[in-house]
Structures are given as C-alpha cells and as structure tokens.
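Engineer: Have a look at this one before I ask anything.
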C-alpha cells in the first residue's frame, strides 16, 4: 500500500538535483490573475520579511506545447543560481466551486510541467501556511541551502522550529473536512492570532 503524501511536498528537477543547471528552461512571463487564497496574503508578508525581493506572487509560466499558462502562487528566484521555485499553497476546498481540490494525485501533471521547465516545486497545505508561516519559511530556506549552498536565508530562521508535516487529503477526506467546517476553523484561528 502506497504511503499517503505529506506536506510539504517537494518535487526536484533532475538537473537541479544533480547541481548541473539551476536556471529554468522556461522563464516566467508576467503576473497572473488567479484568485488569491485566504492565507496567501498573510504568507506573502512573512515571505517578503525573510526573502525580500526574491519573492513574487502570482507568476505565470507557459509550458511548451500548452495554450494556457500555469500561475505559481509565489515564485522565489534564488539570486546566486537563478533557481526558480514554484511555491504553492494548497487548500482542501476550492473557493470558486466549493468542491474538493488539491487531492492526492490531482496536481501531479501540473508539478511535472514545472519540473520539466526546471523549476523546483514546493507545496504547503494552506493550514501549514496559516498556522506556521515562519516554519514554512524555514523549510524553504533549508531547501535553498541544501540545493544551492546559499545559507543566507537559513541563518535568519535557525531559531524557528521545523514545519509540522501534514497528510495530503483524498477527495473523500476533503469532503468530510468541508462538512465539518474544518477549514474555517484554522482560518478563523489565524485571524485571531494576527489581530
């Protein structure tokens, strides 16, 4: 029986893993207009605090052979190597359709498109970003240090605990979470913390 994937989910291109090439094969082509998730604005503040100008929200990447682009929730470009990170915040229920989303296997093709373009993909659960934004930043900084030997960001976050892993959900589990208003619970809790 296959193990249930856990957030953070990381998909590393072969060229990056082998430290042969960090720059993308397909560069971003501007800012997109995808809907911004409930926790993304707050997370953007944390990302900008620790990573500064190397963070850009809602960046578009058009894979070869596709008519429509994908929009990264956040793009981080490591300044020394040019490594591009597609940083995603996955919520269990879609804002638009109110149906389960980002279920196990659902984003595999999208991840592959980014990895084929030589972008690193890091996916967090919205609950992680909402309840542990600095821990998520520490994870990103650790990935940058491990892959590019750039420890600048990692040093700023050594005082922060590691992110707590979280299982990815199936469509059935996401439906149960919706019925119990689970998502609203952690979003309301986040608002109480920030007020």
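Numbering (the numbering used here), first residue to last: 6 to 200.
C-beta: ideal position from N, C-alpha, C; glycine also.
Excluding the five sequence neighbours on either side, which residues of its own chain have a C-beta within less than 8 Å of the C-beta of residue 12, listed in chain order?
Structural biologist: 95, 128, 129, 130, 133, 170, 171, 172 and 173
Engineer: Exposed or buried, residue 163, counting other C-beta atoms within 10 Å across all chains shown (16 or more means buried)?
Structural biologist: exposed
Engineer: When DSSP labels each residue in this structure, what does residue 61 get in the three-state scheme?
Structural biologist: strand
Engineer: Just checking my contact of residue 107 with residue 97 at CB under 8 Å: how many whole Å lie between their CB atoms?
Structural biologist: Sure, about 7 Å apart at Cβ, within 8 Å.
Engineer: Compare the Cα-Cα distances from residue 86 to each of 137, 125, 35 and 140 and report the closest residue.
Structural biologist: 125
Engineer: With DSSP as the reference, label residue 199 as helix, strand or coil.
Structural biologist: With a pLDDT of only 47 at residue 199, under 50, the local geometry of the prediction cannot be trusted, and no value is derived from it.
Engineer: In the DSSP assignment, find the beta strand (DSSP E) that holds residue 92 and state where it starts and stops.
Structural biologist: Unbroken beta strand (DSSP E) run through residue 92: 89 to 95.
Engineer: Nearest-angstrom Cα distance between residue 137 and residue 69?
Structural biologist: 35 Å
Engineer: If the criterion is Cβ atoms closer than 7 Å, does the pair residue 29 and residue 122 meet it?
Structural biologist: yes
Engineer: DSSP state of residue 160, grouped into three classes?
Structural biologist: Residue state, collapsed to three classes: helix.
Engineer: Please determine, among 19, 92 and 75, the residue with the shortest C-alpha to C-alpha distance to residue 45.
Structural biologist: 92
Engineer: If you run the structure through DSSP and keep just helix, strand and coil, what is residue 128?
Structural biologist: Strand, per DSSP.
Engineer: Find the nearest neighbour of residue 15 within the set 139, 159, 157 and 117, judged by alpha-carbon distance.
Structural biologist: Nearest C-alpha to residue 15: 117.
Engineer: Using C-beta distances below 7 Å, list every residue in its chain close to residue 39, excluding the 5 sequence neighbours before and after it, in chain order.
Structural biologist: 63 and 76
Engineer: If we count the other Cβ atoms within 10 Å of its Cβ and call it buried at 16 or more, is residue 10 buried or exposed?
Structural biologist: exposed
Engineer: Could you spell out where the beta strand (DSSP E) holding residue 17 opens and where it closes?
Structural biologist: In the DSSP assignment, residue 17 falls outside any beta strand (DSSP E), carrying neither H nor E.
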